[in-house]
Amino acid sequence: MVGRYCRIYNNLDQVDDRLVDFIPSPRKINLESINKTLRSTMTTLMDARVLFDHVIKHYPSTAEQLYPIASLVKFPDFENGVIKLLVGKAANLSRQERTAMAKMLRTTSDTPSNGDDSAPNKQSFAEETLCSEMSTHAAPHSLHWISPTSNYAEHLYPRAGIMFLRLRRCLNPTTLETGLFLQYCRRLCDASAVVKAVETPGRYSASFR
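Read in order, the letters of the sequence shown correspond to residues 2 to 210 in the working numbering.
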(Lines of atoms letter the chains of each structure in order from A and count residues from 1; the text may use other names and numbers.)
(Lines give C-alpha, C1' and ligand atoms only; values in the text may rest on other atoms or scores of the structure.)
Protein backbone atom coordinates (compact mmCIF):
# COMPACT_ATOMS: atom_id res chain seq x y z
CA MET A 1 0.00 0.00 0.00
CA VAL A 2 2.85 2.38 0.83
CA GLY A 3 4.61 1.52 -2.42
CA ARG A 4 1.45 2.25 -4.42
CA TYR A 5 1.11 5.60 -2.67
CA CYS A 6 4.70 6.52 -3.59
CA ARG A 7 4.04 5.69 -7.24
CA ILE A 8 0.97 7.92 -7.49
CA TYR A 9 2.22 10.62 -5.11
CA ASN A 10 2.89 13.21 -7.83
CA ASN A 11 -0.65 12.85 -9.19
CA LEU A 12 -2.40 13.36 -5.87
CA ASP A 13 -3.95 16.56 -4.68
CA GLN A 14 -1.42 17.86 -2.19
CA VAL A 15 -4.05 19.79 -0.22
CA ASP A 16 -6.38 16.83 0.36
CA ASP A 17 -5.64 15.97 3.99
CA ARG A 18 -8.32 13.28 4.00
CA LEU A 19 -5.90 10.88 2.30
CA VAL A 20 -3.63 10.92 5.34
CA ASP A 21 -6.04 8.67 7.24
CA PHE A 22 -5.56 5.91 4.65
CA ILE A 23 -1.74 5.92 4.82
CA PRO A 24 -0.47 3.49 7.50
CA SER A 25 2.05 5.01 9.88
CA PRO A 26 5.32 3.20 10.74
CA ARG A 27 3.85 2.44 14.17
CA LYS A 28 0.78 0.83 12.63
CA ILE A 29 2.88 -1.23 10.21
CA ASN A 30 5.11 -2.49 13.04
CA LEU A 31 2.22 -3.40 15.33
CA GLU A 32 0.37 -5.10 12.48
CA SER A 33 3.39 -7.35 11.89
CA ILE A 34 3.27 -8.29 15.59
CA ASN A 35 -0.45 -9.11 15.35
CA LYS A 36 0.05 -11.31 12.29
CA THR A 37 2.90 -13.18 13.95
CA LEU A 38 0.80 -13.84 17.05
CA ARG A 39 -1.85 -15.47 14.85
CA SER A 40 0.60 -18.11 13.66
CA THR A 41 0.17 -21.60 15.08
CA MET A 42 3.97 -21.82 15.30
CA THR A 43 4.25 -18.92 17.75
CA THR A 44 5.38 -20.13 21.18
CA LEU A 45 4.88 -18.60 24.60
CA MET A 46 8.45 -17.33 24.58
CA ASP A 47 7.97 -15.83 21.11
CA ALA A 48 4.99 -13.87 22.40
CA ARG A 49 6.95 -12.61 25.41
CA VAL A 50 9.87 -11.51 23.22
CA LEU A 51 7.51 -9.71 20.87
CA PHE A 52 5.69 -7.97 23.72
CA ASP A 53 8.95 -6.88 25.35
CA HIS A 54 10.14 -5.44 22.04
CA VAL A 55 6.87 -3.57 21.58
CA ILE A 56 7.15 -2.14 25.11
CA LYS A 57 10.71 -1.03 24.36
CA HIS A 58 9.69 0.90 21.26
CA TYR A 59 6.21 1.94 22.42
CA PRO A 60 6.27 2.41 26.24
CA SER A 61 2.59 3.36 26.34
CA THR A 62 1.71 -0.32 25.78
CA ALA A 63 3.50 -1.51 28.93
CA GLU A 64 0.37 -1.53 31.08
CA GLN A 65 -1.31 -4.11 28.83
CA LEU A 66 1.75 -6.14 27.73
CA TYR A 67 3.86 -6.33 30.90
CA PRO A 68 4.49 -9.92 32.19
CA ILE A 69 2.42 -9.30 35.33
CA ALA A 70 -0.27 -7.17 33.70
CA SER A 71 -3.83 -7.61 34.93
CA LEU A 72 -4.75 -9.16 31.57
CA VAL A 73 -2.46 -12.14 32.24
CA LYS A 74 -4.54 -14.84 33.93
CA PHE A 75 -1.67 -17.06 35.17
CA PRO A 76 1.46 -14.86 35.35
CA ASP A 77 3.42 -17.29 37.55
CA PHE A 78 2.89 -20.15 35.11
CA GLU A 79 3.71 -18.11 32.00
CA ASN A 80 6.80 -16.53 33.56
CA GLY A 81 7.92 -19.95 34.78
CA VAL A 82 7.60 -21.47 31.31
CA ILE A 83 9.60 -18.63 29.78
CA LYS A 84 12.38 -18.97 32.37
CA LEU A 85 12.62 -22.69 31.64
CA LEU A 86 12.73 -22.06 27.90
CA VAL A 87 15.65 -19.63 28.26
CA GLY A 88 17.52 -21.92 30.65
CA LYS A 89 16.96 -19.96 33.85
CA ALA A 90 15.32 -22.63 35.99
CA ALA A 91 17.48 -21.57 38.95
CA ASN A 92 15.81 -18.15 38.93
CA LEU A 93 12.28 -19.50 39.42
CA SER A 94 10.44 -17.98 42.35
CA ARG A 95 8.55 -20.14 44.85
CA GLN A 96 5.21 -19.22 43.23
CA GLU A 97 6.57 -20.06 39.79
CA ARG A 98 7.93 -23.40 41.01
CA THR A 99 4.53 -24.26 42.45
CA ALA A 100 2.80 -23.38 39.18
CA MET A 101 5.43 -25.32 37.19
CA ALA A 102 5.60 -28.36 39.49
CA LYS A 103 4.58 -30.88 36.82
CA MET A 104 6.61 -29.21 34.08
CA LEU A 105 9.79 -29.38 36.14
CA ARG A 106 9.60 -33.18 36.00
CA THR A 107 9.97 -33.11 32.23
CA THR A 108 13.26 -34.69 31.20
CA SER A 109 12.74 -35.17 27.47
CA ASP A 110 14.92 -33.31 25.02
CA THR A 111 13.70 -30.21 23.30
CA PRO A 112 12.49 -30.91 19.74
CA SER A 113 14.68 -29.30 17.15
CA ASN A 114 13.17 -26.42 15.22
CA GLY A 115 14.37 -26.14 11.67
CA ASP A 116 15.72 -22.66 11.02
CA ASP A 117 14.81 -21.42 7.58
CA SER A 118 17.05 -18.92 5.92
CA ALA A 119 15.90 -15.42 6.80
CA PRO A 120 14.49 -13.34 3.94
CA ASN A 121 16.32 -10.26 2.79
CA LYS A 122 13.58 -7.99 4.03
CA GLN A 123 12.09 -8.87 7.40
CA SER A 124 9.15 -7.41 9.23
CA PHE A 125 9.33 -5.78 12.63
CA ALA A 126 8.23 -9.04 14.29
CA GLU A 127 10.64 -11.26 12.32
CA GLU A 128 13.64 -9.08 13.16
CA THR A 129 12.69 -9.23 16.84
CA LEU A 130 12.48 -13.03 16.96
CA CYS A 131 15.64 -13.59 14.93
CA SER A 132 17.72 -11.32 17.17
CA GLU A 133 16.39 -12.72 20.46
CA MET A 134 15.95 -16.43 19.75
CA SER A 135 19.52 -16.89 18.53
CA THR A 136 20.82 -16.23 22.07
CA HIS A 137 18.56 -18.72 23.89
CA ALA A 138 18.68 -22.49 24.11
CA ALA A 139 15.68 -24.19 25.68
CA PRO A 140 16.58 -27.25 27.82
CA HIS A 141 12.94 -28.26 28.32
CA SER A 142 10.44 -29.37 25.68
CA LEU A 143 7.86 -26.68 26.39
CA HIS A 144 7.62 -25.12 22.95
CA TRP A 145 4.23 -26.78 22.48
CA ILE A 146 2.66 -24.41 25.02
CA SER A 147 0.80 -21.75 23.05
CA PRO A 148 0.40 -18.19 24.30
CA THR A 149 -3.09 -17.03 25.23
CA SER A 150 -2.72 -14.26 22.67
CA ASN A 151 -2.41 -16.93 19.97
CA TYR A 152 -5.92 -18.18 20.65
CA ALA A 153 -7.26 -14.65 21.01
CA GLU A 154 -5.78 -13.49 17.71
CA HIS A 155 -7.39 -16.50 16.02
CA LEU A 156 -10.75 -15.90 17.66
CA TYR A 157 -11.07 -12.18 16.84
CA PRO A 158 -10.81 -12.57 13.02
CA ARG A 159 -13.30 -15.44 13.14
CA ALA A 160 -15.69 -13.35 15.18
CA GLY A 161 -15.34 -10.53 12.66
CA ILE A 162 -16.15 -12.89 9.80
CA MET A 163 -19.23 -14.28 11.53
CA PHE A 164 -20.49 -10.94 12.84
CA LEU A 165 -21.18 -9.44 9.43
CA ARG A 166 -23.64 -6.63 8.84
CA LEU A 167 -26.36 -9.10 7.89
CA ARG A 168 -25.89 -10.90 11.22
CA ARG A 169 -25.96 -7.89 13.52
CA CYS A 170 -29.45 -8.90 14.72
CA LEU A 171 -28.24 -12.26 16.00
CA ASN A 172 -28.91 -13.07 19.60
CA PRO A 173 -25.60 -12.80 21.54
CA THR A 174 -26.06 -16.34 22.81
CA THR A 175 -26.45 -17.64 19.25
CA LEU A 176 -23.31 -15.81 18.13
CA GLU A 177 -21.35 -17.15 21.10
CA THR A 178 -22.56 -20.69 20.43
CA GLY A 179 -21.56 -20.44 16.77
CA LEU A 180 -18.07 -19.22 17.67
CA PHE A 181 -17.70 -21.96 20.26
CA LEU A 182 -18.66 -24.69 17.80
CA GLN A 183 -16.39 -23.30 15.12
CA TYR A 184 -13.44 -23.07 17.50
CA CYS A 185 -14.01 -26.59 18.87
CA ARG A 186 -14.89 -28.28 15.58
CA ARG A 187 -11.82 -30.51 15.90
CA LEU A 188 -13.24 -32.00 19.10
CA CYS A 189 -16.74 -32.84 17.88
CA ASP A 190 -18.59 -33.38 14.61
CA ALA A 191 -22.12 -32.46 13.55
CA SER A 192 -23.61 -35.70 14.87
CA ALA A 193 -22.20 -35.05 18.35
CA VAL A 194 -23.73 -31.57 18.34
CA VAL A 195 -27.13 -32.97 17.33
CA LYS A 196 -27.00 -35.54 20.12
CA ALA A 197 -26.02 -32.88 22.65
CA VAL A 198 -28.94 -30.67 21.59
CA GLU A 199 -31.45 -33.51 21.71
CA THR A 200 -30.26 -34.93 25.06
CA PRO A 201 -28.30 -32.16 26.81
CA GLY A 202 -28.23 -33.89 30.19
CA ARG A 203 -26.44 -36.93 28.81
CA TYR A 204 -23.91 -35.33 26.50
CA SER A 205 -23.22 -31.99 28.16
CA ALA A 206 -20.18 -33.41 29.96
CA SER A 207 -18.45 -34.10 26.63
CA PHE A 208 -18.43 -30.38 25.82
CA ARG A 209 -16.95 -29.21 29.12
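A virtual CB, placed ideally from N, CA and C, is assigned to each residue, including glycine. Remember, it's a predicted structure, so these values are computed and weren't measured experimentally.
| Quick check: the region 73-93 against the region 39-47, are there 3 or more CB pairs under 8 angstroms? | yes
| query | Using a Cβ-Cβ cut-off of 7 angstroms (strictly less than) and excluding sequence neighbours within five positions of alanine 64, which residues of its own chain qualify? | reply | Ile57
| request: Please report the residue range of the alpha helix (DSSP H) in which proline 27 lies. | output: 27-39
| task | With DSSP collapsed to three states, give me the class of tyrosine 10. | result | helix
| query | Which residues bound the alpha helix (DSSP H) around histidine 55? | reply | 46-59
| request: Please determine, among Arg5, Tyr6, Thr201, Tyr60, the residue with the shortest C-alpha to C-alpha distance to lysine 29. | output: Tyr60
| query | So, helix, strand or coil for glycine 89, using DSSP? | reply | coil
| field | Cβ distance (whole Å) where phenylalanine 79 is taken to contact alanine 103 below 8 angstroms | value | Actually they are not in contact, since the Cβ atoms of phenylalanine 79 and alanine 103 sit about 10 angstroms apart, beyond 8 angstroms.
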